[in-house]
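Asks: Residue numbers (the working numbering): 593 to 916.
Just so you know, even glycine gets a beta-carbon here, dropped at the ideal spot from N, CA and C.
Below you'll find the structure I mean.
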């Protein structure tokens with residue numbers, strides 16, 4: 593494809609992705625043909641690439657991910673000093689109280705969650721783009737709004753399937769080393785709160801994931817069309833990182849208040865935990881938004897945003913880079 597009279601691996605992958613759905617390959621020593629379903633192969637490769645990319649990127653920023661959740665769920669009485677007041681101070685506190693393991697608390701469950709989430713997001717985004725383009729009578733989506741719709745649909749699909757894992761990850765993140773095990777916590781939730789508790793906060797999550805994933809994918813897809821490309825049409829890794837970082841930051845900023853509400857709803861029944869020191873009971877999303885504003889003002893909707901920004905650049909940009 594680059595006229596060097598040689599076919600490298602990247603060019604071979606492009607060839608496979610553009611080939612017919614069924615390739616007939618004659619196998620030596622056999623009288624019949626072996627059929628390779630290249631559509632299924634591309635789908636499997638997309639799922640695996642998206643899942644691995646998500647796991648690697650989230651593991652790299654696991655301490656900041658946990659710190660963000662601690663800031664989001666930390667509520668204290670007026671006049672009472674908050675336990676976590678700065679990024680550096682909070683990291684020192686976690687290290688002192690829990691050691692290295694505390695920095696990565698919940699990361700295993702997060703990877704268990706993020707692998708199918710990332711895989712489903714990337715795969716369904718490609719599927720929704722193709723479906724939406726077919727509905728519009730186009731070969732591919734061309735406008736940011738169209739890609740925003742496809743990205744939002746992909747986010748809702750992945751969230752709905754994997755939400756119970758996100759719920760458990762949030763609760764594990766606010767535990768300390770002396771708290772109960774994951775299995776006991778899961779059993780207690782089912783006994784005391786019922787199975788539907790695992791979906792508490794799903795509605796604000798769905799409202800938030802549409803602008804988050806939609807803006808994330810749409811911004812990245814739009815920017816990568818504007819930046820310089822190599823002679824063979826591929827994108828330089830530094831531009832992939834930059835586009836991914838901008839896309840992730842935009843998406844996180846727009847959807848952050850709803851993410852904070854989701855976390856508060858997820859952990860509000862953990863009586864006796866640090867997350868519930870002085871916390872009010874929220875009847876639902878609207879009630880939580882009103883009470884957070886009364887208690888902390890508008891700035892309360894963005895509690896923990898700074899560590900979130902610190903993690904979003906390597907996490908989201910790394911996800912796109914490794915996926916590509």
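(1) Do residue 741 and residue 803 come within 8 Å of each other at the CB atom, strictly closer than that value?
(2) State buried or exposed for residue 616, treating a residue as buried only when at least 16 other CB atoms are found within 10 Å of its CB.
(3) Please confirm if the stretch 702 to 713 is in contact with the stretch 749 to 756, defined as three or more CB-CB distances below 8 Å between the two stretches.
(4) Pull up the distance between the alpha-carbon of residue 878 and that of residue 890, whole angstroms please.
(5) Relative to the C-alpha of residue 756, which candidate in 788, 899, 649, 650 has its C-alpha closest?
(6) Apart from the five residues on each side of it in sequence, which residues of its chain come closer than 6 Å, Cβ to Cβ, to residue 820?
(7) If you reduce the DSSP assignment to three classes, tell me which class residue 873 lands in.
(8) Residue 700 to residue 779, Cα distance in whole Å?
(9) Is it buried or exposed for residue 881, if we count other Cβ within 10 angstroms and need 16 for buried?
(10) Can you name, in chain order, every residue of its own chain whose Cβ lies under 6 Å from the Cβ of residue 679, other than the five neighbours on each side?
(11) What residues in its chain sit with their C-beta under 6 Å from that of residue 790, if we drop five residues either side in the sequence?
(12) Tell me, to the nearest whole angstrom, how far the beta carbon of residue 655 is from that of residue 695; I am working on the premise that it is less than 8 Å.
(13) Hey, could you find the ends of the alpha helix (DSSP H) residue 763 is sitting in?
(14) Using DSSP with H/G/I as helix, E/B as strand and the rest coil, what is residue 728?
(15) Got a sec, what are the start and stop residues for the alpha helix (DSSP H) residue 830 sits in?
(16) Return helix, strand or coil for residue 624, following the three-state DSSP convention.
(17) Give me, in chain order, the residues of the same chain whose beta-carbon lies closer than 7 Å to that of residue 763; leave out the 5 immediate sequence neighbours on both sides.
(18) Answer yes or no: do residue 739 and residue 797 have a C-beta to C-beta separation smaller than 8 Å?
(19) Are the beta-carbon atoms belonging to residue 856 and residue 665 less than 8 Å from one another?
(20) In the DSSP assignment, find the unbroken alpha helix (DSSP H) run with residue 824 in it and report its ends.
(21) Using the beta-carbon count (16 or more within 10 Å), is residue 849 buried or exposed?
(22) Taking residue 718 as the reference, give the member of 873, 842, 806 with the closest Cα.
(23) Could you have a look at residue 805 and say whether DSSP puts it in helix, strand or coil?
(24) Using the Cα positions of residue 754 and residue 851, report the straight-line distance between them to the nearest angstrom.
(25) Apply the 10 Å Cβ neighbour rule to residue 660 and answer buried if 16 or more other Cβ atoms are within range, or exposed otherwise.
Replies: Taking the coordinates as given:
(1) no
(2) Residue placement at residue 616 is poorly supported in this model, since its pLDDT is 44, which falls under 50; the coordinates still yield a value, given next. Residue 616 is exposed by the Cβ-count criterion.
(3) yes
(4) 15 Å
(5) 788
(6) none
(7) coil
(8) 19 Å
(9) buried
(10) 899
(11) 756, 759
(12) 4 Å
(13) 736 to 765
(14) helix
(15) 829 to 859
(16) Reliability of the predicted coordinates at residue 624 is poor, the pLDDT of 43 falling under 50, and the value obtained from them is presented with this limitation in mind. Residue state, collapsed to three classes: coil.
(17) 777, 858, 859, 862
(18) no
(19) yes
(20) Looking at the DSSP string, residue 824 is not in any alpha helix (DSSP H), and its letter there is neither H nor E.
(21) buried
(22) 806
(23) helix
(24) 16 Å
(25) buried
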